[in-house]
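Using my numbering, you'd call the opening residue of the sequence shown number 14 and step up by one each time. Worksheet for the structure shown next.
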Amino acid sequence: MRQTWRWFGPKDLTSIDDITQAGAAGVVSALHHVPNGVVWTQEEIAKRHSEIATRKDGSASGLTWDVVESLPVSEDIKKQKGDWREHIANYKISMKHLAESGIETICYNFMPVLDWTRTDLRWTVPNGGSCMRFDINDFAAFDIHILKRPGAAVDFTNAIADEAARRFVAMSEDDKTQLARNVTMGLPGSTESMTLTDVQAHLDEYGAISREQLREHFVNFLEEVVPVAEDLGLRLCCHPDDPPFALLGLPRIMSTEADYRYILDAVDSPANGMTLCSGSLGARPDNDLPGMMERFGPKVHFLHLRNVKRDGQDIAGSFYEAEHLGGDTDMVALIAAILTEERRRKAEGRRDWEIPMRPDHGQDILDDLGRRSQPGYPTIGRMKGLAELRGVMTALEHAQWGLTGR
C-alpha cells in the first residue's frame, strides 16, 4: 500500500513537515475553500500541488498530491434540482484540470444533506484520550426534539425514542446547541457546515425522494462523469455512507456490499470504483470487510483504514472511533486481503497495483488533547495508527512473501 496522509491545506494544524516526519509518501487533499458545484481552476490546483511539495523552510518535501478527497457532488446533483446540470458540467471541467495536473484518483461521496455524522466530536475514552462518537439516542434527540423533523419519531424504536426524550429533558441549552453543532458540522475541512434552517431547507427540497430515485440520480451522475474519467485516465472511487444507514428520513444508498455491487455493475468501467473505508462500513455488523476487499478488489482504488467499536449488533446503532487495531473489524485479515489483491495486480501488470491508503481518523492522545485540531484528524493519534498499520503490513509481507519482500 502507498502510505498517504490527509491534509486540509495551509490552515491544517498538521503541517507538511509533520507529514514527512510521520513517514507518509503522499498526501490526500482537496480545495475545501471552493464552493460545491464551482470549477476547480488550474491555478488553484497548481497552488495546492506547490503547497504540498514545499516544507516550511522552502525546501522540497518529497511529498506528492496523490488523491483528491473530495471533489464534492453538490446537493443539486443529488436532488436533480436547481443548477444540477451546470454542476455536472463543472465537475467534468474540474476532473480535466486535475488530470492535467497529474492527479489520477478522485474520492467523493453521494450522501444526502449530511456527510459524515457524529453526535460527539471529543468523547472521552478510558485511557483519557478522546475520539468521535455516534450515539443513536443522542441523534434521535436531535432529530425529534431539536430539529423537530415532522414524523421523525417513527424512524426510531420506541426504546430509542423514549431514551431520546429523557436525554433531551436533561440537556442544558448549551448541550442542545453543542449537539446540533456536532451533527451539522459537515464535511471535514469544508466551509459549508449547516444551520438547522439549512438542514430543514435541504430536507424540504428532497421531499419524499425514494431510495430508488436517489440511486437513479447517482447512476445518472456516473453515466455523465465516468466516461470522462476513463478518457482522462482517472479513477473515481465512491466513499461509503457514514454512518451506513438512513438518517433524517432520507435513504443512504452506499452502505452495504449489495449497494456497491449495484453501482459498480450499473456503470461498469475501470474508472468507476470504490473507496473501501473500514470504519464507515464497519459500523454495520453485517458488513464483511475482508470479504468485500476480496470480492471488489480490482475496483478498490483507495483505502481508509480505521476501526470502530459498536455498542451492539443493531444495524442502526451507536459506535465510537476505536484504536486502529482495537475495534470490531479484523484489521489484520483486511490488510492481508489488500496485500493479496496488490500482489495479484502486480502479477497482472497493472500500473496501479499499489493502492493508496491513509490512516483514517484517530484518537486524540498526548499533545493532541490540547491542540483542538480538526475532529477525527489528530496528528499523534493518526501517526500511532499509521505505525500500527505499517507494522501489520510488514509482518504480513514477511510471512506471506518472504523476508525479501514482493
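Beta carbons: idealized from backbone N, C-alpha and C, even for Gly. On a predicted model such as this, the values are computed, not experimentally measured, just so you know.
Item, Value
"Segment limits, alpha helix (DSSP H) that includes Gln34", "Ile29 to Ala35"
"Between the CA atoms of Thr170 and Ile159 - distance to the nearest angstrom", "18 Å"
"Where Gln376 sits in the DSSP three-state scheme", "coil"
"Status (buried if at least 16 other CB within 10 Å, exposed otherwise) for Gly202", "A caution first: Gly202 carries a pLDDT of 44, below 50, which makes its placement in the model too unreliable to give a value."
"Unbroken stretches of the beta strand (DSSP E), 3 residues or longer, contained in the segment 268-312", "285-290"
"C-alpha gap between Gly325 and Lys359, whole angstroms", "39 Å"
"Beta-ladder partner(s) of Leu260, from DSSP", "Leu263"
"Burial state of Ala350, where buried means 16 or more other Cβ atoms lie within 10 Å", "buried"
"Whole alpha helix (DSSP H) elements within the segment 51-107, 4-residue minimum", "55-65 and 88-92"
"The beta strand (DSSP E) enclosing Thr137, as first and last residue numbers", "Asp133 to Thr137"
"Limits of the alpha helix (DSSP H) - the one that Asn320 falls within", "Taken as a continuous stretch (DSSP letters only), Asn320 belongs to no alpha helix (DSSP H), being part of the beta strand (DSSP E) at Asn320 to Arg323."
"Bridge partner(s) assigned by DSSP for Met370", "Gln16 and Leu316"
"Between the CA atoms of Asp299 and Ile328 - distance to the nearest angstrom", "8 Å"
"Opening and closing residue of the beta strand (DSSP E) in which Tyr333 lies", "Phe332 to Ala335"
"Pro303 versus Ile348: straight-line alpha-carbon distance, rounded", "8 Å"
"Minimum C-alpha distance to Tyr333 - residue among Asp281, Asp70, Thr342 and Val321", "Val321"
"Cβ-based burial, Asn49 [other Cβ within 10 Å; buried from 16]", "buried"
"Nearest candidate by alpha-carbon position, reference Ala296, set Glu361, Arg131 and Asp380", "Arg131"
"Same chain, Cβ closer than 7 Å to Gly340, five either side skipped, listed in chain order", "Gly295, Asn320, Val321 and Lys322"
"Residue from Glu186, Ile266 and Phe21 with nearest C-alpha to Ala224", "Residue 224 is actually Arg in this sequence, not Ala. Among Glu186, Ile266 and Phe21, the Cα nearest to that of Arg224 is on Ile266."
"Distance, Asp30 Cα to Met396 Cα", "13 Å"
"Run of the alpha helix (DSSP H) containing Arg358, from where it starts to where it stops", "Met344 to Glu361"
"Whole-angstrom distance between Glu243 and Ile32, CA atom to CA atom", "31 Å"
"Rounded separation between Gly398 and Asp377 - CA only", "11 Å"
"Within the segment 131-183, ranges of the alpha helix (DSSP H) (whole runs, at least 4 residues)", "149-154 and 171-183"
"Where Ile222 sits in the DSSP three-state scheme", "coil"
"Bounding residues of the alpha helix (DSSP H) (the contiguous stretch that carries Val196)", "Glu186 to Val196"
"Residues near Leu409 by beta carbon distance below 7 Å, same chain, minus five either side", "Ile348, Ala349 and Leu352"
"The segment 280-290 touching the segment 84-97, judged by at least three CB pairs closer than 8 Å", "no"
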